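Numbering-wise (the numbering used here), the sequence shown opens with residue 35 and increments by one.
All residues carry an ideal CB built from backbone N, CA and C; glycine is no exception.
Keep in mind it's a predicted model, so treat the numbers as computed, not measured.
Input: a single structure, listed below in C-alpha coordinates.
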Amino acid sequence: MQGNKGGPALALSLVKQISKFNQDVEFIFTVPSNEEGYKYEKFWGDKYGFKVLKAIGGKNILPPFCFNPDRKKIFNEWVDLFKTTDALLEMSAICYVGPPISNAKSSISRHMLYWLSKFYKKPMIPWTQSYGPFSSFLIKLMAKIDLSNNSVVFCRGENCRRAVQELLPNIQAIAFPDVATVLPYDKDEGREYIDKTLGLNGKSIVTISPSAVLYKRTDGIESKNCHVLYTQKLCNYLTDLGHDVILLPHSTYPNTPIPTRCDHKVCQIVKSGLLENNKVHIIDDDLSPIELKSIIANATIHIGARYHSVVAALSSGIPAISLSWHGKYLDLMTTYNMNEFVLDAVNNDSMNELWLLIEKLLSNKESLEHELIEIQSKIANQVDLNTKMWLDIYSEKKNEL
(Lines of atoms letter the chains of each structure in order from A and count residues from 1; the text may use other names and numbers.)
(Lines give C-alpha, C1' and ligand atoms only; values in the text may rest on other atoms or scores of the structure.)
Protein backbone atom coordinates (compact mmCIF):
# COMPACT_ATOMS: atom_id res chain seq x y z
CA MET A 1 0.00 0.00 0.00
CA GLN A 2 2.91 2.39 0.37
CA GLY A 3 6.54 1.17 0.68
CA ASN A 4 7.13 0.83 -3.06
CA LYS A 5 4.86 3.50 -4.53
CA GLY A 6 4.23 1.35 -7.60
CA GLY A 7 1.95 -0.89 -5.51
CA PRO A 8 -0.52 1.80 -4.39
CA ALA A 9 -0.28 3.50 -7.81
CA LEU A 10 -1.57 0.26 -9.32
CA ALA A 11 -4.10 -0.38 -6.55
CA LEU A 12 -5.63 3.11 -6.62
CA SER A 13 -5.83 3.12 -10.42
CA LEU A 14 -7.21 -0.41 -10.56
CA VAL A 15 -9.97 0.30 -8.02
CA LYS A 16 -10.84 3.48 -9.92
CA GLN A 17 -11.09 1.58 -13.20
CA ILE A 18 -13.12 -1.39 -11.96
CA SER A 19 -15.47 0.86 -9.97
CA LYS A 20 -16.02 2.88 -13.13
CA PHE A 21 -17.77 -0.11 -14.71
CA ASN A 22 -18.87 -2.13 -11.68
CA GLN A 23 -19.49 -0.38 -8.37
CA ASP A 24 -20.64 -3.56 -6.62
CA VAL A 25 -17.12 -4.80 -5.84
CA GLU A 26 -15.32 -5.07 -2.51
CA PHE A 27 -11.52 -5.15 -2.56
CA ILE A 28 -9.12 -6.74 -0.07
CA PHE A 29 -5.39 -6.22 -0.68
CA THR A 30 -2.60 -8.47 0.58
CA VAL A 31 0.40 -6.78 2.22
CA PRO A 32 3.67 -7.93 3.86
CA SER A 33 3.07 -10.17 6.86
CA ASN A 34 5.97 -9.12 9.12
CA GLU A 35 4.61 -7.12 12.03
CA GLU A 36 6.34 -3.77 11.39
CA GLY A 37 5.67 -3.94 7.67
CA TYR A 38 2.04 -4.87 8.25
CA LYS A 39 1.45 -1.94 10.65
CA TYR A 40 2.89 0.49 8.11
CA GLU A 41 0.86 -0.96 5.24
CA LYS A 42 -2.35 -1.08 7.29
CA PHE A 43 -1.90 2.56 8.26
CA TRP A 44 -1.83 3.49 4.59
CA GLY A 45 -4.56 1.01 3.70
CA ASP A 46 -6.82 2.77 6.20
CA LYS A 47 -5.93 6.14 4.64
CA TYR A 48 -6.90 4.85 1.20
CA GLY A 49 -10.01 3.12 2.55
CA PHE A 50 -8.77 -0.38 1.62
CA LYS A 51 -9.05 -3.55 3.65
CA VAL A 52 -5.72 -5.36 3.96
CA LEU A 53 -4.73 -8.94 4.72
CA LYS A 54 -1.32 -10.35 5.61
CA ALA A 55 0.24 -12.12 2.63
CA ILE A 56 0.55 -15.89 2.68
CA GLY A 57 3.81 -17.68 1.88
CA GLY A 58 5.30 -21.14 1.73
CA LYS A 59 6.05 -21.16 5.46
CA ASN A 60 2.33 -20.76 6.19
CA ILE A 61 1.73 -24.11 4.49
CA LEU A 62 4.85 -26.27 4.78
CA PRO A 63 5.77 -28.12 8.00
CA PRO A 64 7.36 -27.54 10.42
CA PHE A 65 7.11 -23.77 9.75
CA CYS A 66 3.32 -23.79 9.46
CA PHE A 67 2.92 -24.89 13.10
CA ASN A 68 3.98 -21.44 14.28
CA PRO A 69 0.82 -19.84 15.82
CA ASP A 70 1.18 -16.57 13.89
CA ARG A 71 1.68 -18.35 10.57
CA LYS A 72 -1.24 -20.66 11.31
CA LYS A 73 -3.43 -17.64 12.02
CA ILE A 74 -2.53 -16.13 8.63
CA PHE A 75 -3.31 -19.43 6.90
CA ASN A 76 -6.72 -19.63 8.61
CA GLU A 77 -7.49 -16.05 7.56
CA TRP A 78 -6.77 -17.04 3.96
CA VAL A 79 -9.01 -20.11 4.25
CA ASP A 80 -11.82 -17.81 5.41
CA LEU A 81 -11.05 -15.46 2.53
CA PHE A 82 -11.28 -18.24 -0.04
CA LYS A 83 -14.69 -19.20 1.35
CA THR A 84 -16.13 -15.74 0.74
CA THR A 85 -14.20 -14.25 -2.18
CA ASP A 86 -15.30 -14.49 -5.81
CA ALA A 87 -11.86 -14.23 -7.42
CA LEU A 88 -8.20 -13.43 -6.90
CA LEU A 89 -6.97 -10.47 -8.91
CA GLU A 90 -3.21 -10.95 -9.29
CA MET A 91 -1.53 -7.55 -9.71
CA SER A 92 2.15 -8.10 -8.90
CA ALA A 93 3.04 -6.00 -12.00
CA ILE A 94 6.11 -8.07 -12.87
CA CYS A 95 6.40 -11.83 -12.57
CA TYR A 96 8.09 -14.98 -13.87
CA VAL A 97 11.34 -13.11 -14.39
CA GLY A 98 14.36 -15.32 -15.00
CA PRO A 99 18.14 -14.85 -14.84
CA PRO A 100 20.10 -12.65 -14.91
CA ILE A 101 17.46 -10.18 -13.73
CA SER A 102 15.84 -12.37 -11.08
CA ASN A 103 15.34 -16.01 -10.08
CA ALA A 104 12.54 -18.48 -9.47
CA LYS A 105 12.29 -17.61 -5.77
CA SER A 106 10.60 -14.29 -6.54
CA SER A 107 7.84 -16.07 -8.50
CA ILE A 108 7.10 -18.92 -6.10
CA SER A 109 4.57 -16.93 -4.03
CA ARG A 110 2.60 -16.05 -7.16
CA HIS A 111 2.69 -19.68 -8.29
CA MET A 112 1.58 -20.90 -4.87
CA LEU A 113 -1.46 -18.59 -5.06
CA TYR A 114 -2.30 -20.18 -8.40
CA TRP A 115 -2.43 -23.65 -6.80
CA LEU A 116 -4.37 -22.40 -3.77
CA SER A 117 -6.95 -20.83 -6.06
CA LYS A 118 -7.24 -24.14 -7.92
CA PHE A 119 -7.61 -26.07 -4.66
CA TYR A 120 -10.37 -23.78 -3.40
CA LYS A 121 -11.94 -23.52 -6.88
CA LYS A 122 -11.66 -19.75 -7.06
CA PRO A 123 -10.47 -18.14 -10.30
CA MET A 124 -7.17 -16.25 -10.21
CA ILE A 125 -7.25 -13.67 -13.01
CA PRO A 126 -4.03 -11.71 -13.55
CA TRP A 127 -4.22 -8.01 -14.31
CA THR A 128 -2.02 -6.56 -17.04
CA GLN A 129 1.64 -7.00 -16.08
CA SER A 130 5.17 -7.66 -17.33
CA TYR A 131 6.41 -11.23 -17.75
CA GLY A 132 9.82 -12.62 -18.58
CA PRO A 133 12.48 -13.11 -19.56
CA PHE A 134 11.60 -16.81 -19.40
CA SER A 135 15.27 -17.71 -19.19
CA SER A 136 15.28 -20.79 -16.95
CA PHE A 137 13.50 -24.13 -17.02
CA LEU A 138 11.68 -23.54 -13.72
CA ILE A 139 10.52 -20.04 -14.67
CA LYS A 140 9.19 -21.36 -17.99
CA LEU A 141 7.44 -24.26 -16.28
CA MET A 142 5.72 -22.12 -13.64
CA ALA A 143 4.70 -19.50 -16.21
CA LYS A 144 3.29 -22.12 -18.60
CA ILE A 145 1.22 -23.80 -15.87
CA ASP A 146 -0.16 -20.53 -14.52
CA LEU A 147 -0.69 -18.46 -17.66
CA SER A 148 -2.08 -21.30 -19.79
CA ASN A 149 -5.02 -21.41 -17.38
CA ASN A 150 -6.22 -18.11 -18.90
CA SER A 151 -8.03 -17.65 -22.20
CA VAL A 152 -6.31 -14.26 -22.52
CA VAL A 153 -3.06 -13.01 -21.00
CA PHE A 154 -2.87 -9.23 -20.61
CA CYS A 155 0.71 -8.04 -21.17
CA ARG A 156 2.22 -4.69 -20.24
CA GLY A 157 3.61 -3.79 -23.65
CA GLU A 158 4.37 -5.30 -27.03
CA ASN A 159 7.73 -6.91 -26.19
CA CYS A 160 6.13 -8.69 -23.25
CA ARG A 161 3.25 -9.81 -25.47
CA ARG A 162 5.64 -11.35 -27.99
CA ALA A 163 7.53 -13.19 -25.24
CA VAL A 164 4.31 -14.63 -23.79
CA GLN A 165 3.00 -15.57 -27.24
CA GLU A 166 6.24 -17.40 -28.01
CA LEU A 167 5.99 -19.29 -24.72
CA LEU A 168 2.27 -20.06 -25.16
CA PRO A 169 1.42 -20.02 -28.89
CA ASN A 170 -2.11 -21.36 -28.28
CA ILE A 171 -3.07 -18.61 -25.81
CA GLN A 172 -4.17 -15.14 -26.87
CA ALA A 173 -1.76 -12.51 -25.54
CA ILE A 174 -2.79 -8.84 -25.79
CA ALA A 175 -0.67 -5.76 -25.04
CA PHE A 176 -2.20 -3.01 -22.91
CA PRO A 177 -0.74 0.00 -21.07
CA ASP A 178 -0.04 -0.03 -17.35
CA VAL A 179 -3.22 0.81 -15.42
CA ALA A 180 -1.35 3.46 -13.39
CA THR A 181 -1.30 5.62 -16.52
CA VAL A 182 -4.77 6.77 -15.40
CA LEU A 183 -3.77 7.54 -11.80
CA PRO A 184 -5.26 10.98 -10.99
CA TYR A 185 -3.11 13.93 -9.94
CA ASP A 186 -3.38 17.62 -9.05
CA LYS A 187 -0.74 19.77 -10.71
CA ASP A 188 -1.59 22.85 -8.63
CA GLU A 189 -1.14 20.95 -5.37
CA GLY A 190 2.17 19.62 -6.64
CA ARG A 191 3.38 23.14 -7.44
CA GLU A 192 2.29 24.32 -4.00
CA TYR A 193 4.40 21.57 -2.38
CA ILE A 194 7.38 22.52 -4.55
CA ASP A 195 7.05 26.22 -3.75
CA LYS A 196 6.15 26.11 -0.05
CA THR A 197 7.66 22.90 1.33
CA LEU A 198 10.82 22.85 -0.80
CA GLY A 199 11.07 26.64 -1.15
CA LEU A 200 11.49 26.59 -4.93
CA ASN A 201 8.97 29.27 -5.79
CA GLY A 202 8.71 29.66 -9.55
CA LYS A 203 11.98 27.85 -10.31
CA SER A 204 12.53 25.43 -13.17
CA ILE A 205 12.86 21.91 -11.79
CA VAL A 206 13.94 18.52 -13.03
CA THR A 207 12.76 15.50 -11.05
CA ILE A 208 14.96 12.41 -10.69
CA SER A 209 13.86 9.09 -9.22
CA PRO A 210 16.91 7.03 -8.18
CA SER A 211 16.39 3.32 -7.57
CA ALA A 212 17.36 0.89 -4.84
CA VAL A 213 17.17 -1.80 -7.54
CA LEU A 214 19.91 -0.11 -9.57
CA TYR A 215 21.92 0.49 -6.40
CA LYS A 216 21.77 -3.26 -5.78
CA ARG A 217 22.53 -4.20 -9.39
CA THR A 218 25.57 -1.94 -9.85
CA ASP A 219 29.02 -2.14 -8.25
CA GLY A 220 30.13 -0.46 -5.03
CA ILE A 221 28.50 0.46 -1.74
CA GLU A 222 27.33 3.70 -0.16
CA SER A 223 29.10 6.75 -1.66
CA LYS A 224 31.17 4.59 -4.05
CA ASN A 225 28.16 2.84 -5.60
CA CYS A 226 28.03 3.30 -9.38
CA HIS A 227 24.35 4.31 -9.43
CA VAL A 228 25.02 6.90 -6.71
CA LEU A 229 28.02 8.35 -8.58
CA TYR A 230 26.04 8.38 -11.85
CA THR A 231 23.16 10.25 -10.21
CA GLN A 232 25.52 12.78 -8.60
CA LYS A 233 27.08 13.59 -11.98
CA LEU A 234 23.58 13.92 -13.42
CA CYS A 235 22.53 16.35 -10.66
CA ASN A 236 25.60 18.54 -11.19
CA TYR A 237 25.04 18.59 -14.94
CA LEU A 238 21.41 19.68 -14.58
CA THR A 239 22.12 22.37 -11.99
CA ASP A 240 24.91 23.73 -14.22
CA LEU A 241 22.21 24.14 -16.88
CA GLY A 242 20.26 26.31 -14.42
CA HIS A 243 17.66 23.84 -13.12
CA ASP A 244 16.89 22.91 -9.55
CA VAL A 245 16.83 19.14 -9.06
CA ILE A 246 14.37 17.25 -6.87
CA LEU A 247 15.40 13.73 -5.83
CA LEU A 248 12.07 11.96 -5.63
CA PRO A 249 12.11 8.53 -3.91
CA HIS A 250 9.57 6.03 -5.22
CA SER A 251 10.12 3.51 -2.44
CA THR A 252 10.28 4.51 1.22
CA TYR A 253 10.75 2.03 4.05
CA PRO A 254 11.07 3.90 7.37
CA ASN A 255 11.57 0.63 9.29
CA THR A 256 14.31 -0.69 6.96
CA PRO A 257 16.10 2.34 5.47
CA ILE A 258 18.79 0.42 3.59
CA PRO A 259 19.94 1.44 0.09
CA THR A 260 19.33 -1.99 -1.45
CA ARG A 261 15.63 -1.59 -0.63
CA CYS A 262 14.81 2.05 0.10
CA ASP A 263 15.05 4.76 -2.58
CA HIS A 264 14.95 7.46 0.09
CA LYS A 265 18.19 6.12 1.56
CA VAL A 266 19.75 6.13 -1.93
CA CYS A 267 18.66 9.78 -2.31
CA GLN A 268 20.31 10.64 1.01
CA ILE A 269 23.59 9.02 -0.08
CA VAL A 270 23.45 10.91 -3.38
CA LYS A 271 22.81 14.23 -1.60
CA SER A 272 25.60 13.61 0.95
CA GLY A 273 28.11 13.86 -1.89
CA LEU A 274 26.60 17.12 -3.14
CA LEU A 275 26.69 19.21 0.02
CA GLU A 276 28.07 22.25 -1.81
CA ASN A 277 25.29 22.10 -4.41
CA ASN A 278 22.32 23.95 -2.89
CA LYS A 279 20.20 23.38 -5.98
CA VAL A 280 19.65 19.66 -5.22
CA HIS A 281 16.70 18.81 -2.96
CA ILE A 282 15.17 15.63 -1.50
CA ILE A 283 11.54 14.86 -0.80
CA ASP A 284 11.76 13.56 2.76
CA ASP A 285 8.01 13.29 3.33
CA ASP A 286 6.40 9.88 2.83
CA LEU A 287 4.00 10.91 0.08
CA SER A 288 1.31 8.95 -1.76
CA PRO A 289 1.77 8.11 -5.47
CA ILE A 290 -0.88 10.71 -6.30
CA GLU A 291 1.10 13.40 -4.47
CA LEU A 292 4.33 12.30 -6.16
CA LYS A 293 2.71 12.36 -9.60
CA SER A 294 1.37 15.84 -8.84
CA ILE A 295 4.95 17.00 -8.20
CA ILE A 296 6.39 15.28 -11.29
CA ALA A 297 3.65 16.94 -13.38
CA ASN A 298 5.40 20.28 -12.70
CA ALA A 299 8.85 19.18 -13.89
CA THR A 300 10.60 20.52 -16.96
CA ILE A 301 11.69 16.95 -17.66
CA HIS A 302 11.86 13.77 -15.58
CA ILE A 303 14.66 11.21 -15.38
CA GLY A 304 13.46 8.00 -13.78
CA ALA A 305 15.07 4.77 -12.69
CA ARG A 306 11.74 3.78 -11.11
CA TYR A 307 9.15 2.46 -13.55
CA HIS A 308 6.09 4.12 -12.02
CA SER A 309 7.86 7.47 -11.73
CA VAL A 310 8.27 7.33 -15.52
CA VAL A 311 4.60 6.30 -15.84
CA ALA A 312 3.69 9.35 -13.73
CA ALA A 313 5.75 11.66 -15.94
CA LEU A 314 4.61 10.45 -19.35
CA SER A 315 0.93 10.18 -18.37
CA SER A 316 0.96 13.79 -17.12
CA GLY A 317 2.62 15.07 -20.31
CA ILE A 318 6.18 15.41 -19.01
CA PRO A 319 8.99 14.24 -21.35
CA ALA A 320 11.18 11.66 -19.64
CA ILE A 321 14.35 9.61 -19.86
CA SER A 322 14.10 6.07 -18.54
CA LEU A 323 17.07 4.48 -16.74
CA SER A 324 16.27 0.85 -17.43
CA TRP A 325 17.11 -2.50 -15.82
CA HIS A 326 14.28 -4.58 -17.40
CA GLY A 327 12.42 -4.80 -20.70
CA LYS A 328 9.31 -3.27 -19.12
CA TYR A 329 10.91 0.19 -19.46
CA LEU A 330 11.25 -0.12 -23.23
CA ASP A 331 7.65 -1.37 -23.46
CA LEU A 332 6.44 1.65 -21.49
CA MET A 333 8.46 4.20 -23.45
CA THR A 334 7.43 2.63 -26.77
CA THR A 335 3.77 3.02 -25.76
CA TYR A 336 4.38 6.79 -25.59
CA ASN A 337 6.60 6.88 -28.71
CA MET A 338 9.58 7.75 -26.47
CA ASN A 339 11.63 4.58 -27.01
CA GLU A 340 14.74 6.51 -28.12
CA PHE A 341 14.98 7.91 -24.58
CA VAL A 342 15.65 4.58 -22.85
CA LEU A 343 19.12 3.95 -21.37
CA ASP A 344 20.41 0.63 -20.06
CA ALA A 345 21.45 1.78 -16.59
CA VAL A 346 23.04 -1.54 -15.59
CA ASN A 347 25.43 -2.14 -18.49
CA ASN A 348 25.88 1.39 -19.84
CA ASP A 349 27.30 4.14 -17.62
CA SER A 350 28.11 6.54 -20.46
CA MET A 351 27.38 10.07 -19.27
CA ASN A 352 27.87 11.47 -22.80
CA GLU A 353 24.94 9.43 -24.08
CA LEU A 354 22.79 10.72 -21.22
CA TRP A 355 23.85 14.34 -21.89
CA LEU A 356 22.84 13.97 -25.55
CA LEU A 357 19.42 12.61 -24.60
CA ILE A 358 18.85 15.43 -22.09
CA GLU A 359 19.82 18.01 -24.73
CA LYS A 360 17.43 16.44 -27.24
CA LEU A 361 14.62 16.24 -24.66
CA LEU A 362 15.00 19.91 -23.70
CA SER A 363 15.28 21.04 -27.33
CA ASN A 364 12.07 19.24 -28.31
CA LYS A 365 10.21 19.69 -25.02
CA GLU A 366 7.18 21.58 -26.37
CA SER A 367 6.46 19.22 -29.28
CA LEU A 368 7.01 16.17 -27.07
CA GLU A 369 4.56 17.51 -24.48
CA HIS A 370 1.85 17.95 -27.13
CA GLU A 371 2.46 14.44 -28.45
CA LEU A 372 2.33 12.91 -24.96
CA ILE A 373 -0.99 14.61 -24.21
CA GLU A 374 -2.48 13.28 -27.47
CA ILE A 375 -1.19 9.77 -26.80
CA GLN A 376 -2.51 9.83 -23.22
CA SER A 377 -6.12 10.26 -24.36
CA LYS A 378 -5.76 7.12 -26.51
CA ILE A 379 -4.09 5.24 -23.66
CA ALA A 380 -6.98 6.06 -21.32
CA ASN A 381 -9.34 4.45 -23.85
CA GLN A 382 -7.10 1.38 -24.03
CA VAL A 383 -7.13 1.05 -20.24
CA ASP A 384 -10.93 1.23 -20.32
CA LEU A 385 -11.01 -1.57 -22.90
CA ASN A 386 -8.58 -3.62 -20.79
CA THR A 387 -10.83 -3.16 -17.76
CA LYS A 388 -13.96 -4.23 -19.64
CA MET A 389 -12.21 -7.33 -20.99
CA TRP A 390 -10.96 -8.27 -17.52
CA LEU A 391 -14.47 -7.84 -16.08
CA ASP A 392 -15.93 -9.99 -18.88
CA ILE A 393 -13.49 -12.79 -18.01
CA TYR A 394 -14.31 -12.35 -14.33
CA SER A 395 -18.06 -12.67 -15.04
CA GLU A 396 -17.54 -15.77 -17.18
CA LYS A 397 -15.43 -17.51 -14.56
CA LYS A 398 -17.78 -16.50 -11.77
CA ASN A 399 -20.73 -18.02 -13.66
CA GLU A 400 -18.79 -21.25 -14.16
CA LEU A 401 -18.50 -21.82 -10.40
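Check, Outcome
"So, helix, strand or coil for A477, using DSSP?", "Outside the shown range of the chain, which is 35 to 435, sits residue 477, and nothing can be said about it."
"Note down the Cα distance separating A121 from G307, rounded to an integer number of angstroms.", "49 Å"
"Where does N56 sit, in a helix, a strand or coil, going by DSSP?", "coil"
"What residue range does the alpha helix (DSSP H) around N302 cover?", "Looking at the sequence itself, residue 302 is Gln, so the reference to Asn does not match. Per DSSP, Q302 belongs to the alpha helix (DSSP H) from D297 to S306."
"So what does I159 bridge to, in DSSP terms?", "L123"
"Can you give the beta carbon distance from L147 to E111, rounded, assuming they're within the 8 Å contact cut?", "That belief does not hold up - the Cβ atoms of L147 and E111 are roughly 14 Å apart, past 8 Å."
"Under the rule that 16 or more other beta-carbon atoms within 10 Å means buried, what is V113, buried or exposed?", "exposed"
"Taking the straight line between their C-alpha atoms, what separation do you get for A89 and K73?", "13 Å"
"Note down the Cα distance separating L419 from P66, rounded to an integer number of angstroms.", "31 Å"
"Can you give me the Cβ contacts of A347 inside the same chain, cut-off strictly under 6 Å, excluding the 5 residues immediately before and after it?", "I330, H336 and A354"
"Classify E70: buried if its beta carbon has 16 or more other beta carbons within 10 angstroms, exposed otherwise.", "exposed"
"Which full runs of the beta strand (DSSP E) of 3+ residues lie inside the region 335-364, going along the chain?", "335-338 and 354-358"
"What is the rounded straight-line gap between the Cα of P97 and the Cα of K313?", "55 Å"
"Have a look at the DSSP bridge pairing and note the partners of D441.", "No answer is possible for residue 441: the residues shown for the chain start at 35 and end at 435."
"Apply the 10 Å Cβ neighbour rule to P291 and answer buried if 16 or more other Cβ atoms are within range, or exposed otherwise.", "exposed"
"Assign L377 to one of two classes, buried (16 or more other C-beta atoms within 10 Å of its C-beta) or exposed (fewer than that).", "buried"
"Using CA atoms only, rank isn't needed, just tell me which of R105, N332, S141 and V59 is closest to K221.", "N332"
"Where does L395 sit, in a helix, a strand or coil, going by DSSP?", "helix"
"Opposite I280 in the DSSP bridges: which residues?", "T241 and H315"
"Go through the region 181-268 residue by residue and report every complete run of the beta strand (DSSP E) that reaches 3 residues or more, in order.", "186-189, 206-209 and 239-243"
"State the Cα-Cα distance for the pair G233 and D278, rounded to the nearest angstrom.", "11 Å"
"Can you tell me whether G41 is buried or exposed? The criterion is at least 16 other CB atoms within 10 Å of its CB, across all chains shown.", "buried"
"Taking the beta strand (DSSP E) that K85 falls in, what are its first and last residues?", "K85 to K88"
"For Y165, which of helix, strand or coil comes out of DSSP?", "strand"
"Between the beta-carbon of H342 and the beta-carbon of P323, is there less than 8 Å?", "yes"
"Taking DSSP's pairing of strands, which residues face V65 in a bridge?", "K88"
"N38 bridges to which residues according to DSSP?", "S285"
"In terms of residue numbering, what span does the alpha helix (DSSP H) encompassing I329 cover?", "P323 to I330"
"I'd like to check one pair, F61 with G471: are the Cβ atoms closer than 8 Å?", "Any answer about residue 471 is impossible in this case: the structure gives the chain only from 35 up to 435."
"Nearest to H360 by alpha carbon, out of L248, S243, L275 and V240?", "L248"
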